[in-house]
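Colleague: Before anything else, here's the structure in question.
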Amino acid sequence: MKPEENKFADVPLRVKTWIYIIIVFAAGISHPLTMKVFVSWIGFQCFFEFLRLFRINSNRLIPSLFVGTAQFFLLYFFNIENYFLYSSALSVLVLLYFILLKTSVKQLYGFIIALLVCLFAFPHLSFIRETASGLNSIIFIVVVTELNDVFQYLMGKFFGKHKITPQISPNKTLEGFIGGVFLTVLLSNILGFFLLETDILVNTILGILLGVSGFCGDVFMSYLKRKAHIKDTGTLLPGHGGLLDRMDSLIFNAPLFFWIFSLLVKI
């Protein structure tokens, strides 16, 4: 089979995995409490994958469980201001633990990135869920972000010719990026009208910002994987890799949406 004919060979497996992702996502966002459990599990799983990424060969399960469990209690008992305060203290404890293990300076930099992503970026999903339009907002941000990935992937498969980040992620193309952002803007306007009840200006700005920011999150994780010489952060999601591979676009998008949405509504 020619390479051109095999470009979509992985699509059926990806679609099948997406069905499971949607089921777990729907259960996770169904209630504020399950959302906290869901985000804490994300923190646990992603931190575990980060430890693999940064080549921690000792027991990865115990520190990952500690991070995920502590995150749940912080989300459950504290508001956003206190959450960040105590998460900072938790981060210091985790870093001290790895210092005692005599990890390298390079690995410590990696742990800082892991803690920022798991304890400070992804928890914004829980904060979004707790806002006045929480359920609609969390559906909007996750669907727009994930479909932006799909749009850029498919546009790149169909029309991609010019590499946009050849040294980091060779499969990403300028055509895929532009086409994906364009479709994301259209999707943002459709979902924004029904879920957020926002006007075309706000929806368009959100679509552009989330499309570009999601791409940056994807490239950021691709850079870390390239430096670590691995293709995927894990094998949890067949056809996609690890959970971190699937959620990389939310690293920047979740905080961006939480902090900027209220400002855009006032435009």
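Here this note's numbering is used: the first residue of the sequence shown is -12, the next is one more, and so on.
Yeah, the Cβ is synthetic: ideal placement off N, Cα and C, and Gly gets one too.
Kindly indicate the opening and closing residues of the alpha helix (DSSP H) around THR4.
Modeller: Counting along the chain, THR4 sits inside the alpha helix (DSSP H) bounded by residues -2 to 15.
Colleague: Could you tell me which residues DSSP pairs with LYS89 in its beta bridges?
Modeller: Residue pairing of LYS89 in beta bridges, as defined by DSSP: absent, with no partner found.
Colleague: Shortest alpha-carbon distance to ILE115 belongs to which of CYS105, PHE127, VAL104, LEU106?
Modeller: PHE127
Colleague: Rounding to the nearest angstrom, what Cα-Cα distance links TRP258 and SER27 in this structure?
Modeller: This structure leaves residue 258 out entirely; the chain is present only between -12 and 254.
Colleague: List the residues that DSSP assigns as beta-bridge partners of THR160.
Modeller: LYS150
Colleague: Using 8 Å for Cβ pairs, my map puts ILE238 next to PHE202. What's the rounded Cβ distance?
Modeller: The pair is not a contact, with the Cβ atoms about 11 Å apart (cut-off 8 Å).
Colleague: How is the alpha helix (DSSP H) around LYS218 delimited, first residue to last?
Modeller: Taken as a continuous stretch (DSSP letters only), LYS218 belongs to no alpha helix (DSSP H), as it is neither H nor E.
Colleague: With a threshold of 6 Å on Cβ separation, who are the neighbours of VAL104 within its own chain once the five nearest residues in sequence on each side are excluded?
Modeller: ILE238
Colleague: Does PHE59 pass the burial test, meaning 16 or more other C-beta atoms within 10 Å, or should it be called exposed?
Modeller: buried
Colleague: Could you tell me if ALA108 is buried or exposed, where buried requires 16 or more neighbouring beta carbons within 10 angstroms of its beta carbon?
Modeller: buried
Colleague: Can you tell me whether GLU133 is buried or exposed? The criterion is at least 16 other CB atoms within 10 Å of its CB, across all chains shown.
Modeller: It is buried - the Cβ of GLU133 has at least 16 other Cβ atoms within 10 Å.
Colleague: Taking the alpha-carbon positions, what's the VAL199 to THR171 distance?
Modeller: 10 Å
Colleague: On the criterion of 16 or more Cβ atoms from any shown chain inside 10 Å, does PRO153 qualify as buried, or is it exposed?
Modeller: exposed
Colleague: Which residues does DSSP list as the beta-bridge partners of GLY228?
Modeller: LEU224
Colleague: Whole angstroms is fine: what's the gap from TRP246's alpha carbon to LEU211's?
Modeller: Their backbone Cα atoms lie some 26 Å apart in a straight line.
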